[in-house]
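What follows is a single structure, written as structure tokens, with notes after it.
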Amino acid sequence: MKNMTVKHTLNDELMMGYAAGILPEAFNLVVATHLSLCDESRAGVESYEAVGGAVLESTAAAKMSAGALASCLERIKTDRQVVARAEPSKGVFPNPLQVYVGGDLDSVRWRSLGNGTKQAILPTAKGATARLLFIPAGCAVPDHGHRGTELTLVLQGAFADEVDRFGRGDIEIADEDLNHQPVAEMGEDCICLAATDAPLRFNSLLPRLMQPLFRI
Ligand code: ZN
7 MKNMTVKHTL NDELMMGYAA GILPEAFNLV VATHLSLCDE SRAGVESYEA
57 VGGAVLESTA AAKMSAGALA SCLERIKTDR QVVARAEPSK GVFPNPLQVY
107 VGGDLDSVRW RSLGNGTKQA ILPTAKGATA RLLFIPAGCA VPDHGHRGTE
157 LTLVLQGAFA DEVDRFGRGD IEIADEDLNH QPVAEMGEDC ICLAATDAPL
207 RFNSLLPRLM QPLFRI
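Its first residue numbered 7, the sequence shown is counted upward by one per residue in my numbering.
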């Protein structure tokens, strides 16, 4: 499988955050998986990494507060940096994601969310949550808003919402301003990797009641 043209790529904030290694692990995982599928974003991150290296070399050591080093070391301990791989991997999941799942699609331990929709939460450090989502072809995710940032990367099939259509490799970046209802395209079940740093805001009662149960 060669890298196809991805339409929806990373923004500068995420590219910088990833290059600097300051994103929560769940976001690192989504970004690294996207980078494995998107040459454009990978080139962007590489240029930020080059800038970061140059800045570090030319700047004298900055004064740090007493707690800064300790909290920095704590972050390094808990938030794993996930490395993107440019080389294509066999199967649906690019390499960094296969490491987390312990294999490809057939290794996922899905849990039902009802109506054929399924999820699998992946083990990452606290601060943000990463999950795989399975949305049957033609089915919708309950409409919702966001309390923080939600990254959704399509791995199989496609979905459409109020913003646009998203296919394999595309990443949707949603924040407090977006209310949407993703609907999987007909023809193929949609599988996404999503990360959130705050619970979603569901607009109808039933998903809201089920929320604590599914940690969504
Ligand atoms: Zn959303």
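Beta carbons: idealized from backbone N, C-alpha and C, even for Gly.
Heavy atom of the ligand ZN within 7 Å of residue i beta-carbon
| i | result |
| --- | --- |
| H152 | yes |
| P204 | Looking at the sequence itself, residue 204 is Ala, so the reference to Pro does not match. No, the Cβ of A204 stays beyond 7 Å of every heavy atom of the ligand ZN. |
| H186 | yes |
| T182 | For clarity, residue 182 is Glu in the given sequence; the question names Thr instead. False, no ligand heavy atom lies under 7 Å from that Cβ. |
| E156 | yes |
Separation of residue j from residue i, as counted between CA atoms
| i | j | result |
| --- | --- | --- |
| D45 | T15 | 10 Å |
| G173 | L139 | 14 Å |
| D18 | C145 | 32 Å |
| P102 | V160 | 15 Å |
| D167 | V189 | 6 Å |
| I28 | S64 | 21 Å |
| A143 | W116 | 17 Å |
| L43 | P94 | 8 Å |
| N121 | D203 | 25 Å |
| S210 | I222 | 14 Å |
| D195 | I141 | 6 Å |
| L128 | V105 | 11 Å |
| K13 | G163 | 15 Å |
| V89 | I197 | 21 Å |
| M7 | Q87 | Interpretation of M7 is limited by its pLDDT of 45, a score under 50 that renders its predicted location unreliable; no figure is taken from the coordinates. |
| Q217 | E182 | 18 Å |
| A60 | G23 | 16 Å |
| S47 | A134 | 22 Å |
| A131 | T11 | 31 Å |
Residue closest to residue i, alpha-carbon to alpha-carbon, out of the options
| i | options | result |
| --- | --- | --- |
| F33 | A190, D176 and L157 | L157 |
| L184 | I177, V114, D149 and R117 | D149 |
| M192 | R171, K96 and R115 | R171 |
| R91 | H40, I177, T123 and I197 | H40 |
| F165 | Y24, L199 and E182 | L199 |
| P30 | F208, G59 and A201 | A201 |
| G175 | V36, G23, Y24 and A26 | V36 |
| I177 | V61, G154, S113 and A38 | A38 |
| A126 | G133, K132 and S118 | S118 |
| A136 | A25, L215, P205 and G23 | P205 |
Sequence-distant residues of the same chain with beta carbon closer than 6 Å to residue i, five excluded per side
| i | result |
| --- | --- |
| A180 | H152 and E156 |
| M21 | G50, V51 and Y54 |
| L111 | V98 |
| L212 | none |
| A25 | V51, Y54, E55 and G58 |
| S113 | V107 |
Local conformation of residue i per DSSP, three classes
| i | result |
| --- | --- |
| E182 | coil |
| G151 | strand |
| L29 | coil |
| F99 | coil |
| M7 | Low local confidence applies: a pLDDT of 45 at M7 is under 50, so the model's placement there is unreliable, with the coordinate-based value given in what follows. Note: M7 maps to coil in three-state DSSP. |
| A134 | coil |
| V61 | helix |
| G1 | As shown, the chain starts at 7 and ends at 222. That puts residue 1 outside it, with no answer to give. |
| T39 | helix |
| G144 | coil |
| G104 | The displayed chain sequence assigns Gln, not Gly, to residue 104. The answer is helix: DSSP assigns Q104 an H, G or I state. |
| E55 | helix |
7 Å Cβ shell around residue i - same chain, five flanking residues per side excluded
| i | result |
| --- | --- |
| L219 | none |
Other residues of its chain near residue i: CB distance less than 8 Å, five sequence neighbours each side excluded
| i | result |
| --- | --- |
| Q187 | A146, V147, P148, D149, H150, D167 and E168 |
Interface flag, residue i vs chain E, CB-CB below 8 Å
| i | result |
| --- | --- |
| A32 | The displayed structure is made up of one protein chain only, and chain E is not part of it. |
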